[in-house]
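First residue of the sequence shown? That's 2 in this note's numbering, and the numbers climb one at a time after it. We treat Cβ as the ideally placed atom computed from N, Cα and C, and that holds for glycine. All figures in this text were calculated on a predicted structure; none of them were measured in a lab. The structure under discussion appears below in the form of structure tokens.
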Amino acid sequence: MKHLKVGGLMTDDVVSALPGMSFRDVAKLLAEHDISGLPVVDADDHVVGVVSESDLLARRAPTARGVMSAPAVTVHAEEAAADAARLMARRGVERLPVVDEEERLVGIVTRRDLLRVFLRPDPEIRRRIREEILADSMDLPQDAVDVHVLDGVVTLAGRVRLRSQAVMLLRLAERVEGVVAVVDRLSPHDDARFGAPSPRAAYDFSE
């Protein structure tokens with residue numbers, strides 16, 4: 002399957018600050034560029050922290066080093082956008098600095114950027130699961146299981162031959178762009194102990 006990468010969504014013209022930049026100058030950068038946060042980098046462009054508007058309001062310090070949140074939560078450009086969105090939700094951050102293989106800043110991706118991934122129509126999500134996962138990735142008939150999608154929440158129901166197939170199907174489905182949660186209603190023939198269906202966690206990026 003093809004997954005949208007962080008590199009395809011990020012902004013590569015990044016406004017950043019140095020650790021020794023004054024509190025006032027950081028605030029001016031945010032205002033001048035109409036942004037709500039920025040990464041703090043060292044002399045080699047390694048990300049050492051992130052400063053947000055809430056950081057400035059919560060703390061008073063002479064420099065960016067004193068107000069930044071550290072260590073910074075970062076992603077790589079080649080990571081799947083859906084994985085970055087889930088990371089953002091887990092860590093409760095509004096933006097993720099994007100770094101290269103040497104952990105140097107190359108871009109930034111925001112909640113708004115990643116939200117675009119989760120605005121895919123339900124019929125498109127259903128089609129991708131049936132065609133790309135069931136048929137292409139798993140070599141199963143498209144109607145092997147029932148695929149129901151409502152507001153990005155996917156419910157997979159029916160019987161599959163192996164527990165391993167059920168596990169793979171669930172994992173692949175939750176990685177499809179636009180999927181915010183997967184509800185497991187699968188019953189493998191080879192494992193009566195696979196367990197009662199239980200919903201996967203839902204990630205809400207609308208707020």
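Alpha carbon of residue i to alpha carbon of residue j, nearest angstrom
i: D152; j: D84; result: 19 Å
i: L39; j: L120; result: 25 Å
i: M11; j: A86; result: 12 Å
i: V148; j: A90; result: 25 Å
i: R105; j: D46; result: 5 Å
i: P142; j: L135; result: 6 Å
i: A82; j: A32; result: 28 Å
i: S53; j: L88; result: 18 Å
i: A71; j: S165; result: 39 Å
i: L115; j: R92; result: 15 Å
i: D101; j: V118; result: 22 Å
i: R60; j: G67; result: 8 Å
i: L58; j: D26; result: 14 Å
i: A145; j: I109; result: 40 Å
i: E80; j: G21; result: 31 Å
i: V49; j: G9; result: 24 Å
i: V168; j: V180; result: 16 Å
i: Y204; j: A44; result: Confidence at Y204 is low in this model, with a pLDDT of 41, below 50, so the placement of that residue is unreliable and no value is reported for it.
i: R127; j: V150; result: 6 Å
CA nearest to the CA of residue i, picked from the options
i: T111; options: A32, S23, A18, I36; result: I36
i: H34; options: L135, D43, V16; result: V16
i: E125; options: D101, V27, V177; result: V177
i: V42; options: R92, V183, V99; result: V99
i: S55; options: V181, R96, V168; result: R96
Nearest-angstrom Cβ-Cβ length linking residue i and residue j, presumed shorter than 8 Å
i: L163; j: P189; result: 6 Å
i: V7; j: A73; result: Not a contact, Cβ separation roughly 15 Å.
i: F24; j: T64; result: 7 Å
i: V161; j: A182; result: Not a contact, Cβ separation roughly 20 Å.
i: L5; j: A18; result: That belief does not hold up - the Cβ atoms of L5 and A18 are roughly 29 Å apart, past 8 Å.
Residue(s) in a DSSP beta bridge with residue i
i: T209; result: Since the first residue of the chain shown is 2 and the last is 208, residue 209 is not available in this structure.
i: S70; result: V51
i: V42; result: V48
i: T75; result: Note: T75 sits in no beta bridge, so no partner.
Own chain, CB closer than 7 Å to residue i, minus 5 neighbours either side, in chain order
i: R113; result: none
i: R186; result: T156, L157, A158, P198
i: D13; result: V107, G108
Cβ shell of residue i (< 6 Å), same chain only, five flanking positions each side left out
i: V94; result: V74
i: E175; result: V183
The ligand HEM heavy atom lying under 8 Å from the CB of residue i
i: V110; result: Here there are no bound small molecules, and the ligand HEM is not part of this structure.
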